[in-house]
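Chemist: Here it is, the structure, as structure tokens.
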Amino acid sequence: IVFDDSNCGSKIVAKEIADLIREKQSKNKKCVLGLATGSSPIRVYDELVRMHKEEGLSFKNVVTFNLDEYFPMSEDNEQSYHYFMHDHLFNHIDILKENIHIPKGDIDSDKILDFCIDYEKKIKDYGGLDFQLLGIGRTGHIGFNEPGSHSKSRTRLITLDHVTRTDAAFSFLGLDNVPKRAITMGIGTIKEAKRIVLLAWGENKASTIKETIEGEISSHVPATYLQGHNNTTFVLDKGAASLL
Ligand code: GLP
Numbered sequence: 032i033v034f035d036d037s038n039c040g041s042k043i044v045a046k047e048i049a050d051l052i053r054e055k056q057s058k059n060k061k062c063v064l065g066l067a068t069g070s071s072p073i074r075v076y077d078e079l080v081r082m083h084k085e086e087g088l089s090f091k092n093v094v095t096f097n098l099d100e101y102f103p104m105s106e107d108n109e110q111s112y113h114y115f116m117h118d119h120l121f122n123h124i125d126i127l128k129e130n131i132h133i134p135k136g137d138i139d140s141d142k143i144l145d146f147c148i149d150y151e152k153k154i155k156d157y158g159g160l161d162f163q164l165l166g167i168g169r170t171g172h173i174g175f176n177e178p179g180s181h182s183k184s185r186t187r188l189i190t191l192d193h194v195t196r197t198d199a200a201f202s203f204l205g206l207d208n209v210p211k212r213a214i215t216m217g218i219g220t221i222k223e224a225k226r227i228v229l230l231a232w233g234e235n236k237a238s239t240i241k242e243t244i245e246g247e248i249s250s251h252v253p254a255t256y257l258q259g260h261n262n263t264t265f266v267l268d269k270g271a272a273s274l275l
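Using the UniProt record's numbering, you'd call the opening residue of the sequence shown number 32 and step up by one each time.
This is the structure we're talking about:
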């Protein structure tokens with residue numbers, strides 16, 4: 032779906048998420064959301080916060096699993112995705128603390144494997160992701176599944192692509208400060224979500240979006256794996272859609 036601008040697109044996506052939360056509430060069920068970081072989802076989160084404050088949308092039945100986190104990274108570091116999610120969403124809504132899950136960037140290296148296995152198990156125990164929100168990196172990554180990622184990959188420690196680290200260099204005040212690794216949900220984990228919405232705004236995403244939607248499915252552009260998912264929508268503005 033191509034919108035005139037990111038504001039219109041973000042509002043529609045936030046409305047879909049809110050409707051899903053309310054539908055699950057009416058059935059006394061939990062709503063399991065996979066959440067993303069980066070600049071792309073910020074207006075969706077702003078709109079959800081507005082709905083909480085102005086319309087009384089409650090998040091008490093919501094369980095969240097974030098896609099990824101830098102490694103190593105402490106939770107209180109302003110560059111952490113832990114900080115980002117609390118700053119943009121969790122601190123402003125009534126979600127229960129125990130329902131928030133974000134990959135831990137501050138665990139010992141020898142505990143990562145167990146952590147990742149447990150993260151996958153928790154998602155399964157909640158019945159899987161009802162809705163997965165995604166952005167997309169310039170390498171065609173979703174989460175931090177960089178080129179070369181397998182279509183059946185699961186939550187794991189990965190090495191970040193140089194392009195991805197370069198894109199993050201500004202906010203880290205220099206490339207040397209950008210972590211070289213991250214923990215990310217896998218492509219297999221993401222593709223098991225019942226519904227996926229990928230957001231992309233601006234012309235600098237246009238060539239990646241063209242490859243993702245019109246290119247051959249390949250590990251060179253991991254987002255192309257979404258072509259094989261039966262309930263995915265790409266929500267774009269005119270800039271991101273300009274090469275389609
Ligand atoms: C990071 C995140 C991705 C995100 C991407 C794009 O690499 N791990 O989940 O999609 O950035 O970020 P932005 O939305 O700021 O363009």
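Note that the Cβ used here is the ideal one computed from N, Cα and C, for glycine as well.
1) I'd like to know if the region 85-93 and the region 118-128 are in contact, where contact means that at least 3 CB-CB pairs between them fall below 8 Å.
2) Excluding the 5 residues preceding and the 5 following Gly158 in the sequence, name in chain order all residues of the same chain whose CB lies nearer than 7 Å to its CB.
3) I need the boundaries of the beta strand (DSSP E) containing Gln163, first residue and last residue.
4) For His113, name the three-state secondary structure that DSSP assigns.
5) CB-CB under 6 Å to Arg185, same chain, minus the five flanking residues each way: which ones, in chain order?
6) Taking 7 Å as the limit between beta carbons, can you name the residues of its chain near Ile133, skipping five residues before and five after?
7) Can we count Asp99 as close to the ligand GLP, meaning its CB is less than 6 Å from some heavy atom?
8) For a test of the three-state rule: what should DSSP assign to Asn208, helix, strand or coil?
9) Comparing alpha-carbon positions, which option in Glu106, Ile214, Leu204, Ile48 lies nearest Leu144?
10) Leaving out five residues before and five after Thr255 in sequence, what residues of the same chain have Cβ atoms less than 8 Å from its Cβ?
11) Roughly how many angstroms separate the alpha carbons of Ala200 and Lys211, rounded to a whole number?
12) For residue 8 and His251, I'd like the C-alpha separation in whole angstroms.
13) Just how far apart, CA to CA, sit Val228 and Ile43?
14) Considering only residues of the region 164-207, which uninterrupted alpha helix (DSSP H) runs meet the minimum length of 4 residues and lie entirely inside it, listed in chain order?
15) Please confirm whether any heavy atom of the ligand GLP lies closer than 6 Å to the CB of Gly166.
16) If you count every other CB in all the chains shown that lies within 10 Å of the CB of Glu109, and 16 or more means buried, which is it?
17) In the DSSP assignment, what residue or residues form a beta bridge with Ser249?
18) What is the residue span of the beta strand (DSSP E) that Ala231 lies within?
19) What are the partner residues of Glu100, as DSSP defines its beta bridges?
20) Taking C-beta to C-beta, are Thr264 and Leu257 nearer than 7 Å?
21) Along the chain, where does the beta strand (DSSP E) that runs through Phe265 open and close?
22) My assumption, with CB atoms under 8 Å, is that Asp207 sits in contact with Gly168. Please give the rounded CB distance.
23) Report the partner residues of Thr95 according to the DSSP bridge assignment.
24) Looking only at its own chain, which residues have a Cβ that is under 6 Å from the Cβ of Cys147, when we skip the five neighbours before and after it?
25) Skipping 5 residues on each side, what residues in its chain have a beta carbon closer than 8 Å to that of Leu274?
Modeler: Here's the rundown:
1) yes
2) Val63
3) 162-165
4) helix
5) Glu151, Gly217, Gly219, Thr220
6) Asn97, Glu100, Tyr112, His113, Met116
7) yes
8) helix
9) Ile214
10) Gly171, Glu242, Thr243, Gly246, Glu247, Ile248, Ser249
11) 11 Å
12) Residue 8 lies beyond the range of the chain shown here (32 to 275); nothing can be said about it.
13) 11 Å
14) 193-199
15) yes
16) exposed
17) Val252
18) 227-231
19) Ile214
20) no
21) 263-268
22) In fact, because the Cβ distance is near 20 Å, the residues do not count as touching under 8 Å.
23) Leu64, Ile131
24) Thr186, Arg187
25) Ala237, Ser238, Ile240, Lys241
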